[in-house]
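Accompanying notes for the structure given below.
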Amino acid sequence: MGRDTYLKKVLGEDRYQKVQGSTVLMVGAGGIGCELLKNLMLSGYGTIHIVDLDTITLSNLNRQFLFRKGDIDQSKSITIKKAVESFNFHGTKLISHHGNIMDTDQFPIDWWDQFSYIFNALDNLEARRYVNKMALFLKKPVMESGTTGFDGYVQPIFPYKTECFDCQPKATPQTFPVCTIRSTPSKPIHCITWAKEFLFQQLFDESVEGDAEDLSNATDNDKELENLLKESNELVELRKLVVATGEVISQNTFFSEMVRKIFQIDIERLLLIDTLWTNRLKPIPISDAQIEEVADLIRSGGIEQRLESLIDTQVWSPLENLLVLYKSATNLQTRMKNNKFIAFDKDDEDTLDFVVTAANLRSLIFQIDTLSKFDVKQIAGNIIPAIATTNAIISGFSNLESLNFLAQNSRTDSSMVFISIRPNKYVTSATLEAPRKQCASCSVARGILKSEEGTLDQVTLEQFIDKVKSKYSYSSDISIILGKSKLIYDFDFDDNLSKSLSEIGFKTGELVLIQDEDDEVENLELYIEVGLKSNDIELPELELRQKILIEKENGHENGVGKDAEEESGDVIESDMAFETIVIEDEVEEEVPAPKKRRIN
Amino acid sequence: MSLCKTRLQEERKLWRKDHPFGFFAKPIKAEDGSLDLTTWTAGIPGKQNTLWEGATYPITITFPEEYPSKPPKVKFPAEFYHPNVYPSGTICLSILNEEQDWRPAITLKQIVLGIQELLTSPNPDSPAQEPAWRAFLKEKDVYEKKIKEQAKRYISTT
Ligand SMILES: [Zn+2]
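Chains as they are written, first to last, in this note's numbering: chain A, 3 to 602; chain B, 961 to 1118.
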């Protein structure tokens, strides 16, 4: 019996051939990628390209099972290929690319064009958005996936037919206003942010000066330090104490000065602003008695013992927090003698202890719950727990759901799948919806602008605008945005008309967004591809839809449900794709937690 | 993200079609001759018949990549004298605060009008700087004198 006998039975002869003949891309060779590559190979894919920019670290090894200790510091994409060769039963051709998927030189658009399916096994939003965009440009199906702890999902994306990655808004890391962090914290996260991004930074780290892009509070507070607290300038003084030549005595001085200033004087000053506290609990400064108790313990030399008995997963008492703060602050102070500054790092015990205890003490003052060191570490270090089993399950679904598309008629009736640890909801699924008309990615027509290097030097912006207007029959004026946010032309801004396109910044991989002044037709986004033999600028053949019509269309169309009905005779496949595998209770009216959706 | 830039161009269009009298707002010009839609400068005229009249106060508005999910950051020049303006110039205003009243539908026009309103009606519950806040609550005459001095520095040119 051949190695592929069962595979042929499972997939069906046709699909087996199709899978064998496919060239697919897997982006990411980490937690999901290790599991997924194994699945894809055992499914018999003909060619798999693997892209990852990372190297292997020790902390990967507990779940990224294709890597071993000896692989540390090696490229993930290259190592993973070697690791799977021993079970490459179906002769899959594996091609590794060590690099950033967003690099347009290494991965130009014609490289993307060779794939019949794209599997995301990524860990960050930016790359996911980028792959999503490339897939929209080339109309390639994508299997998007992700896990957090026990939760995970797969989302099959069929560009312009089903929701894309951007259709549902994604939670972005929260930022907090300066006022909340500096004066009126109400949650543990506020105190942790204060300790990590303000206090620690001010005392030990390099000061970050006004980076407009970075809206972190630290930047702001930095300048405020000199001004807001003009009366005493204590933090600056404290920092001077940190780097003061270190006799033992200055260590104690530094610690007690710091505690007095931060947890007593500053709080008392805040209390003077009585309007702040009309609707809030008043903060309670640390008492002199508490500070003296610590001082006594330090003098008696009994603190090492106390510290040894502390457990990371338990919440510490105020005194214990003060002792750990003392220990970490003096350690950091000693280290500052050799370093110009020290940056916060969750794996650097001194910096972590300092942030944990400073945050907890501030929480105590503001009558907010305190947390264990373990919990603060998760928050301060932005740690998302990764669980091997979750990755394995999700990779399985990723592989399985993609096989619908590889059926004879390239079916697009795959499902989204969600997994979680909640009873009755271990595995749930949802039908794919049509693209949301408000989605900024789906509501844009896309195409590739082809040109030659020399042509971009010759064609002026004005000529380009005329060409675009006549090609797509714009009735009103247009605006043009290049890249992320560079406006190069609109009704009110014609400074650049006589410049050449290359002068303005047209180059391979750059995006051009065109909008019409009257807001009547859909937006158009062009991907610039330089290098083709062409004497002119080649604009893609596209019909821009009227915005009003798009709304009507979406009203009538029922997403991909229609396709599913037409093909309902195909029972075996839909079984395989889902029903027999779902471990789900009868209760089905509830929606899965991540999003509101129709459930199968 | 694409939503950010389409929305910013939309704001620019809206502003051109309809903006309150005496205000200006425009993206800054980058070195390469393009306009950077993520950073705008704007002018807020002080309301008539108030301490703030006769002057146009400059602000810079910085839009993050997650705009309009997240609010823009708005700054006066450093050391701007107002109870709700931090020494760095950052404005403490609830509609610019993600945790409070920011909504993605808030337009540039609403933001600048909100700031104009804040000039004459400070919020004593969100002090952002000591001198102006204390003077506003306890030494009205000092406060008024300082505001008038400041107005002279930003005298309207038209
Ligand atoms: Zn979309």
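Ideal placement from N, C-alpha and C gives every residue a C-beta, glycine not left out.
How would you write the range of the alpha helix (DSSP H) that residue i sits in, first residue to last?
i, result
"His-99/A", "First-last for His-99/A: 95-100, but that is the beta strand (DSSP E), not the alpha helix (DSSP H)."
"Lys-153/A", "According to the sequence as given, residue 153/A is Asp; it is not Lys. Per DSSP, Asp-153/A belongs to no alpha helix (DSSP H); it is in the beta strand (DSSP E), 153-159."
"Val-21/A", "15-22"
"Phe-1096/B", "1090-1098"
"Leu-1068/B", "1068-1080"
"Thr-186/A", "Unbroken run through Thr-186/A: none, as it is neither H nor E."
Just tell me which of the options has its CA closest to the CA of residue i.
i, options, result
"Thr-332/A", "Asp-518/A, Arg-241/A and Phe-407/A", "Arg-241/A"
"Phe-67/A", "Ile-389/A, Ile-539/A, Ser-443/A and Gly-4/A", "Ile-389/A"
"Gly-154/A", "Ser-98/A, Leu-124/A and Ser-472/A", "Leu-124/A"
"Ala-85/A", "Ile-483/A, Gln-108/A and Cys-36/A", "Cys-36/A"
"Gln-292/A", "Leu-366/A, Ser-24/A, Ile-480/A and Phe-139/A", "Leu-366/A"
"Lys-1112/B", "Thr-1001/B, Tyr-1017/B and Gly-982/B", "Tyr-1017/B"
"Ile-97/A", "Tyr-491/A, Ile-50/A, Trp-318/A and Ile-74/A", "Ile-50/A"
"Tyr-132/A", "Gln-380/A, Leu-499/A, Tyr-529/A and Gln-465/A", "Tyr-529/A"
"Ser-118/A", "Asp-107/A, Pro-110/A, Met-145/A and Phe-109/A", "Met-145/A"
"Gly-449/A", "Arg-5/A, Lys-135/A and Asn-90/A", "Lys-135/A"
"Ser-453/A", "Ile-539/A, Thr-186/A and Pro-190/A", "Ile-539/A"
"Pro-542/A", "Tyr-474/A, Asn-384/A, Glu-512/A and Asn-498/A", "Tyr-474/A"
"Phe-368/A", "Gly-485/A, Phe-265/A and Asp-207/A", "Phe-265/A"
"Asp-371/A", "Asp-207/A, Phe-167/A, Pro-187/A and Glu-199/A", "Pro-187/A"
"Glu-991/B", "Glu-527/A, Lys-509/A, Ala-345/A and Ile-490/A", "Ile-490/A"
"Asn-62/A", "Leu-55/A, Asp-276/A and Lys-78/A", "Lys-78/A"
"Leu-325/A", "Leu-334/A, Glu-295/A and Asp-168/A", "Glu-295/A"
"Lys-1105/B", "Ala-1092/B, Thr-1117/B, Ile-1115/B and Ser-1116/B", "Ala-1092/B"
"Thr-999/B", "Ala-1015/B, Gly-982/B, Pro-1005/B and Pro-1031/B", "Pro-1031/B"
"Leu-27/A", "Asp-115/A, Val-470/A and Thr-280/A", "Asp-115/A"
"Pro-111/A", "Phe-139/A, Ile-120/A, Gly-93/A and Pro-158/A", "It should be pointed out that residue 111/A corresponds to Ile in this sequence rather than to Pro. Closest option to Ile-111/A, Cα to Cα, is Phe-139/A."
"Asn-102/A", "Thr-25/A, Ile-269/A and Asp-56/A", "Asp-56/A"
"Met-43/A", "Asp-54/A, Gly-32/A and Ser-88/A", "Ser-88/A"
"Arg-1094/B", "Asp-276/A, Val-514/A, Asp-479/A and Phe-407/A", "Asp-276/A"
"Val-357/A", "Asn-341/A, Asp-207/A, Leu-327/A and Lys-339/A", "Leu-327/A"
"His-2/A", "Asn-362/A, Met-338/A, Leu-434/A and Thr-94/A", "Because chain A in this structure spans residues 3 to 602, residue 2/A falls outside the shown range and cannot be described."
"Leu-205/A", "Leu-451/A, Lys-469/A, Ala-447/A and Ala-345/A", "Ala-345/A"
"Leu-995/B", "Pro-987/B, Phe-1036/B and Leu-1011/B", "Pro-987/B"
"Ile-82/A", "Glu-15/A, Ser-478/A, Arg-262/A and Ile-58/A", "Ile-58/A"
"Arg-5/A", "Ile-423/A, Gly-46/A and Gln-19/A", "Gly-46/A"
Hey, could you find the ends of the beta strand (DSSP E) residue i is sitting in?
i, result
"Lys-1033/B", "1033-1035"
"Ala-447/A", "446-453"
"Leu-127/A", "Looking at the DSSP string, Leu-127/A is not in any beta strand (DSSP E); the run it does join, the alpha helix (DSSP H), is 127-140."
"Val-514/A", "513-518"
"Gly-148/A", "144-150"
"Lys-977/B", "Where Lys-977/B is concerned, there is no enclosing beta strand (DSSP E), although the alpha helix (DSSP H) it sits in stretches over 962-977."
"Tyr-119/A", "119-122"
"Phe-1048/B", "Per the sequence presented here, residue 1048/B reads as Ser, with Phe not at that position. Note, Ser-1048/B: premise wrong, no beta strand (DSSP E); not H, not E."
"Asp-996/B", "995-1005"
"Pro-1018/B", "1016-1022"
"Phe-202/A", "First-last for Phe-202/A: 202-205, but that is the alpha helix (DSSP H), not the beta strand (DSSP E)."
For residue i, count neighbouring C-beta atoms within 10 Å of its own C-beta (all shown protein chains included) and say buried if the count is 16 or more, exposed if not.
i, result
"Thr-164/A", "buried"
"Leu-274/A", "exposed"
"Val-156/A", "buried"
"Val-21/A", "buried"
"Val-1045/B", "buried"
"Leu-60/A", "exposed"
"Trp-113/A", "exposed"
"Pro-387/A", "exposed"
"Leu-974/B", "exposed"
"Thr-414/A", "buried"
"Pro-425/A", "exposed"
"Phe-420/A", "buried"
"Asn-560/A", "For Asn-560/A, the predicted model reports a pLDDT of 40, less than 50, meaning its position is unreliable; a value from the coordinates is still stated below. Asn-560/A is exposed by the Cβ-count criterion."
"Ala-173/A", "exposed"
"Ser-1081/B", "exposed"
"Ser-234/A", "Residue placement at Ser-234/A is flagged as unreliable, the pLDDT there being 33, under the threshold of 50; a coordinate-derived value is accordingly withheld."
"Asp-222/A", "The predicted model places Asp-222/A with a pLDDT of 41, which falls under 50 and marks its position as unreliable; any figure quoted below should be read in that light. Buried, by the Cβ-count rule."
Consider the C-beta atom of residue i and the heavy atoms of ligand 2; say whether any pair is separated by less than 7 Å.
i, result
"Asp-168/A", "You won't find ligand 2 in this model; what it holds is ligand 1."
Subject >> Inside the region 41-90 of chain A only - beta strand (DSSP E) runs reaching at least 3 residues >> reply: 49-54
**OP:** Identify every run of the alpha helix (DSSP H) within the region 268-356 of chain A, keeping only runs that are complete inside it and at least 4 residues long; order them along the chain.
**Re:** 268-274, 290-302, 305-310 and 320-337
**OP:** Tell me the start and end of each unbroken alpha helix (DSSP H) in the region 352-426 of chain A that is at least 4 residues and wholly inside, in chain order.
**Re:** 375-382 and 390-404
Subject >> Whole alpha helix (DSSP H) elements within the region 460-498 of chain A, 4-residue minimum >> reply: 463-473
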